[in-house]
Amino acid sequence: MILKINRFLIILLVFASCAGAKRDAKFEDLPEWVKMKPKVSGRYIGIGKASRSGYPDQYRKEAERNALSDLVTQISVNVSSSSLLYDIEDSQTKSSYLFNRVKLHAEDMVEGYQVDQQFESVDQIWVMCSISKLEYEARKKARKEQNLANSLKSFVQAGGYYDQGKHALAIQTYLKALSYISQYFDESTLAELNGEDIDLANACKKKVVDIIDSIRIEPVKDIFIDRKSLEVGINKAMFETKDALGRNVFDLPFDYKIIDNYYSSSTEFTDKQGRGFVDLKNFEKHVQSQTLDINITLENIAEEYTADLLVRGLFHDSFEADKLLKLAVQIKQPELMIDFEGIEYARLNQRIKEQLVDKGVNLVREGRNATKLSIRIDRVSEEALLIKASLNGEAIKEDKSSKIQLLESDDIYAEESKLIWAWQKDIMPIVDRNVIGEE
890 MILKINRFLI ILLVFASCAG AKRDAKFEDL PEWVKMKPKV SGRYIGIGKA
940 SRSGYPDQYR KEAERNALSD LVTQISVNVS SSSLLYDIED SQTKSSYLFN
990 RVKLHAEDMV EGYQVDQQFE SVDQIWVMCS ISKLEYEARK KARKEQNLAN
1040 SLKSFVQAGG YYDQGKHALA IQTYLKALSY ISQYFDESTL AELNGEDIDL
1090 ANACKKKVVD IIDSIRIEPV KDIFIDRKSL EVGINKAMFE TKDALGRNVF
1140 DLPFDYKIID NYYSSSTEFT DKQGRGFVDL KNFEKHVQSQ TLDINITLEN
1190 IAEEYTADLL VRGLFHDSFE ADKLLKLAVQ IKQPELMIDF EGIEYARLNQ
1240 RIKEQLVDKG VNLVREGRNA TKLSIRIDRV SEEALLIKAS LNGEAIKEDK
1290 SSKIQLLESD DIYAEESKLI WAWQKDIMPI VDRNVIGEE
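First residue of the sequence shown: 890, per this note's numbering; consecutive thereafter.
Spelled out as structure tokens, the structure:
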């Protein structure tokens, strides 16, 4: 992989390392090694400085780190270039992360270095570090072998997790395997597994892609919500995720957008049954049909499961922006067809309708998915002051396998998976004779 050296990062490294001392009024008092970096056969040399502010241990350590950054730039520009798989955006967080990573990575790269010189002025400190070229090459080789071994171990573990149906954990572990070898993305990452050589970087990436490609996302059938649920704000399953073998895909990160009101969610996760839940409180309360976009992207998964920007960048650069699983779901209110049996009071009919609409029911004259209900009036006696409206009816399941009986009662329920609606006792219209009036 050919990587482009980011100019911004190189400027930061050069600035931090302070390869040459800044000329000032006391330049003649500085030691020769500060004025001009010495050349020593068989050794890499690095010089860094820091302001003498804070505790001595802190600014000495800072000068030492800057010297190591300078040392590493001599060893190989690959240290800085391998910290980038895509250009730094105008993001202070991302730029800071990459710069700090190079500084920390520098210490790892030059393990076994020694501090040769140190000089302090009134307000500055300079440090010179060096490392044997032969020792550096030996340590570099040993470190890469260990990282490849750790990556291979994680690669095998990830395969086991996938076989157990733990898709998210498998993805996490493949990304962990990539993190071990992210500094070698521009080098060979060959390792031996079961007597065969495999390219770990490409193999891990392919496994993650294959897992994502195998996932199927399907909407939950008959998604109905009522106005009361919107006001309370309950979580409702909107989709299910399964792989090609029919296994549930749980702990999978996703986000969603409500197109109608431009709401965007934070990251959510599928549950143990592979279901994705959405909080209804974010929907519009007076819109009968709303569109929900579910997004499951490789880039977002990488961002959720690894802090290594090198690994994130691998997925960012390797796939088109529209490489995602996207689902549009129509959110509708329950439809209800009412047959007022033997009800002579038009005013009562209107009042019942108003209460149904207030509960979030969409009244229709006909509809394949509409629930049919009959409403009748029961008189307790001629002298009674109250007249009670009760409801009878049935809802036929879509596959016509069974009927859900809605019996005469103060409460009406439907099976949870169907969720036609569930009314509390206050839905039952209770009116007095004066309200009804006579026709």
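By construction, the Cβ of each residue, glycine as well, lies at the ideal position given by its N, Cα and C atoms.
Spell out the partners DSSP gives residue i in its beta bridges.
i: PRO1108; result: PHE1128
i: GLY937; result: VAL1016
i: ILE1147; result: TYR1152 and LEU1181
i: GLU858; result: A question about residue 858 goes unanswered here, because the residues of the chain that appear run from 890 up to 1328.
i: PRO1142; result: PHE1158
i: ALA1080; result: ILE1087
i: PHE1008; result: TRP1015
i: PHE1166; result: ALA1126
i: ASN1137; result: LYS1131
i: ARG932; result: SER1021
i: GLN1003; result: SER1019
Considering only C-alpha positions, which residue in the set the options is nearest to residue i?
i: ILE1060; options: GLU1081, GLU1024, ALA1092 and ALA1038; result: ALA1092
i: ASP1182; options: THR1195, VAL1167, GLU1188 and ILE1190; result: VAL1167
i: SER1153; options: ASP1140, SER1178, ASN1184 and THR1159; result: ASN1184
i: ALA1133; options: LYS1146, LYS1030 and ILE1104; result: ILE1104
i: ILE964; options: ILE1101, GLU921 and LYS1029; result: LYS1029
i: GLY1001; options: VAL1011, LEU960 and PHE1008; result: LEU960
i: ARG1136; options: ASP1160, GLU951, ASP1197 and GLU921; result: ASP1160
i: ALA1126; options: LYS1110, ASP1140 and PHE916; result: LYS1110
i: TYR1151; options: ASP1086, PHE1074 and GLU1173; result: GLU1173
i: ASP1052; options: THR962, VAL1138 and GLU917; result: VAL1138
i: GLN1046; options: GLU953, THR1062 and SER1077; result: THR1062
i: ILE1014; options: LYS1096, VAL1097, LYS1146 and SER942; result: SER942
i: ALA952; options: VAL1004, THR962, PRO927 and TYR1050; result: VAL1004
i: TYR1050; options: LYS1096, ASP918 and SER940; result: LYS1096
i: SER926; options: GLN1006, VAL999 and LEU1199; result: The sequence given here has Lys at residue 926, not Ser. Among GLN1006, VAL999 and LEU1199, the Cα nearest to that of LYS926 is on GLN1006.
i: LEU1199; options: ASP1088, ASP1086 and ASP1075; result: ASP1075
Do you know how far the Cα of residue j is from the Cα of residue i?
i: GLU1081; j: GLU1034; result: 12 Å
i: ALA1057; j: LEU1169; result: 26 Å
i: ILE1190; j: LYS924; result: 50 Å
i: ASP1099; j: LEU1187; result: 11 Å
i: VAL929; j: LEU957; result: 16 Å
i: LEU1203; j: LYS1022; result: 31 Å
i: LYS1131; j: LYS950; result: 52 Å
i: ASN1171; j: GLY1165; result: 15 Å
i: ARG954; j: GLN947; result: 11 Å
i: GLU1024; j: SER1043; result: 29 Å
i: ASP1012; j: PRO920; result: 16 Å
i: ILE1101; j: ASN1124; result: 25 Å
i: LEU1141; j: PRO945; result: 48 Å
i: LYS938; j: GLY1054; result: 53 Å
i: ASP1088; j: ALA1066; result: 12 Å
i: PHE1158; j: LYS1146; result: 15 Å
i: ARG1032; j: TRP922; result: 31 Å
i: PHE1008; j: SER940; result: 12 Å
i: GLU1026; j: ARG1201; result: 29 Å
i: ALA1048; j: SER1010; result: Before going further, note that residue 1048 is Gly rather than Ala in the sequence given. About 57 Å.
i: ASP918; j: ASP1086; result: 58 Å
i: VAL999; j: THR962; result: 11 Å
i: SER1077; j: ALA1090; result: 9 Å
i: PHE916; j: ASP1197; result: 42 Å
i: TYR975; j: LYS1094; result: Any reading at TYR975 must be qualified, since the residue scores a pLDDT of 34, below 50, and its modelled position is unreliable; the value itself is stated next. Between TYR975 and LYS1094, the C-alpha separation is close to 17 Å.
Can residue i and residue j be called in contact, C-beta distance under 7 Å?
i: GLU1107; j: THR1156; result: no
i: GLY1163; j: GLU1129; result: yes
i: GLN836; j: ASP1149; result: The shown model of the chain, from 890 to 1328, leaves out residue 836, and the question about it has no answer.
i: THR1195; j: LEU1064; result: yes
Could you check whether the Cβ of residue i sits closer than 6 Å to any heavy atom belonging to the ligand SAH?
i: GLU917; result: Summarising the ligand content, the structure contains no ligands, and the ligand SAH is consequently not present.
At least three beta-carbon pairs within less than 8 Å, the stretch 924 to 936 to the stretch 1014 to 1031: The stretch 924 to 936 is in contact with the stretch 1014 to 1031.
Segment contact, 8 Å Cβ cut-off, at least three pairs: the stretch 1031 to 1051 with the stretch 1070 to 1080: Contact holds: three or more Cβ-Cβ distances are below 8 Å.
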